[in-house]
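Each residue of the sequence shown is one higher than the one before, starting from 41 at the first, in the numbering used here. Here a beta-carbon is modelled for each residue, glycine too, at the ideal position from N, C-alpha and C. Bear in mind the structure is a predicted one, so any value in this text is a computation, not a measurement. Note sheet for the following structure.
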Amino acid sequence: MSAEIIPVIFDLPDANNRSVCSTAQAWAKAPVEPSAEERAELIARIKRLLKEQDAVFVAHYYVHPDLQDLAEQTGGIVSDSLDMARFGHEHPAKTIVVAGVRFMGETAKILNPEKRVLMPDLEAECSLDLGCPAEEFAAFCDAHPDRTVVVYANTSAAVKARADWMVTSSIALPIARHLKERGEKILWAPDRHLGAYVQEQTGADMLLWQGACIVHDEYKARELAEMKAQHPQAKVLAHPESPRAVIKLADVVGSTTQLIKAAQASSAREFIVATDNGILHKMRTLCPDKIFIEAPTAGQGANCRSCSHCPWMAMNGLANLAETLEGGRNEIHVDPAIIPRAVLPIQRMLDFAKQINLPSSGIGNA
Ligand code: 13P
Ligand code: SF4
């Protein structure tokens with residue numbers, strides 16, 4: 041069965057105007073690299089502040105390597121979005137500090153309303169979240185009451201509050217299979233590429249919202265095929281937010297954690313990586329003898345700075361993290377009226393992950 045496609049009902053900036061869109065504002069806010077001295081001072085200050093404030097630091101693989109290392113050195117975690125949610129939820133700290141993008145902070149708050157959740161920059165958005173406004177999404181759901189609503193983690197609290205299930209890329213396939221087995225038809229939002237991939241892998245009946253990630257949408261299949269020809273031994277690792285033609289060329293498709301684990305487990309020595317280049321830090325640390333090459337994006341001559349790196353993830357830095365902790369500012373607030381409803385699809389996903397024993401930081405069957 042093929043995925044049913046609805047017309048695009050919102051406007052995302054395209055490759056031609058991206059340099060003047062909100063990503064440019066995000067890039068303008070990307071912190072300046074500190075000097076070696078400043079860096080050491082900031083790291084020491086943040087370590088002290090985390091302890092003093094009973095705070096745990098949770099980071100995504102796409103943020104700056106300094107932040108990834110700091111999360112691990114301070115007893116926090118660097119992980120994919122599923123494990124960020126699980127770890128923060130299970131950790132006893134009173135404050136969760138999230139280095140990532142807004143939906144990650146909101147998910148932590150929804151799961152832990154009694155805790156303080158801080159982020160280095162509250163304007164760190166995500167094109168998938170921005171491209172799925174709650175009111176339009178509610179109208180879409182109202183028009184298809186016969187479908188089970190499944191939303192990706194990369195959505196606002198209000199969109200989650202309208203959903204039956206939340207998924208992340210590491211658990212999307214098992215949940216879609218489960219729903220198919222129960223004979224349920226799915227309304228999927230917002231990522232069209234991930235949705236099409238899940239539909240193709242599971243055969244589930246899915247109606248797709250037409251959102252996209254501005255980073256992954258840029259990977260180019262023709263240039264990737266050329267790169268593969270130049271590196272015939274290389275395995276291609278791709279995130280399922282990438283376009284279908286790119287996924288078709290991949291050896292492994294999975295969440296960020298799944299791709300890292302696949303690189304570790306593989307006997308190959310060379311990899312072409314179709315996901316945000318922030319992930320290369322972890323891959324290179326864990327596999328120092330292996331070679332990792334960024335998959336091609338907009339091609340030669342492009343002047344788009346967002347290629348292969350998320351401009352909103354880049355807004356997280358040591359200095360704004362230290363300031364956040366020091367001033368207790370940049371606290372994530374989610375409307376308390378929404379939380380009881382928004383937590384249901386997230387908790388359903390977490391319970392399902394437990395039920396199927398989805399390993400923490402493990403490789404799924406993508
Ligand atoms: P993961 O859950 O695979 O880490 O993906 C999050 C994300 O935003 C990818 O662009
Ligand atoms: Fe959103 Fe894409 Fe950035 Fe991930 S990489 S946070 S999907 S814009």
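Following a CB-centred definition, is residue i positioned closer than 8 Å to any heavy atom of the ligand 13P?
i	result
A244	no
H233	no
N152	no
Y237	no
Y102	yes
T147	no
C166	yes
A193	yes
E281	yes
C350	yes
T297	yes
T114	no
T63	no
T325	no
S400	no
S209	yes
Round the Cβ separation of residue i and residue j to the nearest angstrom and send it over; I've been treating them as touching at under 8 Å.
i	j	result
T195	C172	6 Å
E281	H233	5 Å
T337	K275	Not really, about 19 Å apart at Cβ, beyond 8 Å.
T242	A216	4 Å
T135	Q93	5 Å
L247	R187	6 Å
D257	P283	7 Å
S295	T208	6 Å
A305	S167	At roughly 31 Å, the Cβ-Cβ gap does not stay under 8 Å, so A305 and S167 are not in contact.
A139	N356	4 Å
L277	A302	6 Å
A111	A99	4 Å
H271	I312	7 Å
V190	L213	No, V190 and L213 are not in contact; Cβ-Cβ is about 12 Å, not under 8 Å.
V141	M389	Rounded, the Cβ-Cβ distance is 18 Å, inconsistent with contact.
A66	P399	About 33 Å separates the two Cβ atoms, so there is no contact after all.
V374	I150	6 Å
E121	A201	Note that residue 121 corresponds to Ser in the displayed sequence, not to Glu. About 18 Å separates the two Cβ atoms, so there is no contact after all.
Would you say the beta carbon of residue i comes nearer than 8 Å to a heavy atom of the ligand SF4?
i	result
H321	no
V18	Only positions 41 to 406 of the chain appear in this structure, which leaves residue 18 out of reach.
I254	yes
D316	yes
D120	no
D161	no
D375	no
M353	yes
K123	Residue 123 is actually Asp in this sequence, not Lys. No, the ligand SF4 has no heavy atom inside 8 Å of this Cβ.
D169	yes
For residue i, verify whether its CB is less than 8 Å away from any heavy atom of the ligand SAH.
i	result
S196	The ligand SAH is absent from the structure shown, which contains only the ligand 13P and the ligand SF4.
Does residue i have its Cβ less than 9 Å from a Cβ in chain D?
i	result
A382	As a matter of chain content, chain D is missing from the structure shown, which is built from one protein chain.
Completely contained beta strand (DSSP E) runs for the region 146-194, where each covers 3 or more residues: The qualifying runs are 156-158 and 188-192.
Segments of 3+ residues assigned as beta strand (DSSP E) that fall wholly inside the region 100-136: Runs of beta strand (DSSP E) with 3 or more residues, each lying fully within the region 100-136, are found at 117-119, listed in chain order.
Secondary structure, alpha helix (DSSP H): runs of 4+ residues fully inside the region 357-385: Fully enclosed alpha helix (DSSP H) runs of 4 or longer: 358-367.
Alpha helix (DSSP H) runs contained entirely in the region 275-336, provided each spans 4 or more residues: Counting only runs of 4 or more, we get 284-287, 296-305 and 320-326.
The region 306-319 touching the region 220-240, judged by at least three CB pairs closer than 8 Å: No, they do not touch.
Contact the region 94-102 vs the region 131-148: 3+ CB pairs below 8 Å: Between the region 94-102 and the region 131-148, the count of C-beta pairs closer than 8 Å reaches three or more; the two stretches touch.
Ranges of the alpha helix (DSSP H) found wholly within the region 186-241, counting only runs of at least 4: If we require 4 residues or more, the alpha helix (DSSP H) runs fully inside the region 186-241 come out as 197-200 and 212-221.
Three-pair Cβ contact test at 8 Å for the region 357-369 versus the region 156-164: Cβ pair count under 8 Å is three or more, so yes.
Ordered list of alpha helix (DSSP H) runs contained in the region 242-274, each at least 4 residues: Those alpha helix (DSSP H) runs which fall completely within the region 242-274 and span 4+ residues are 261-270.
Contained alpha helix (DSSP H) runs [length at least 4] in the region 67-92, N- to C-terminal order: Assignment of alpha helix (DSSP H) within the region 67-92, counting only whole runs of 4 or more residues, yields 76-92 in chain order.
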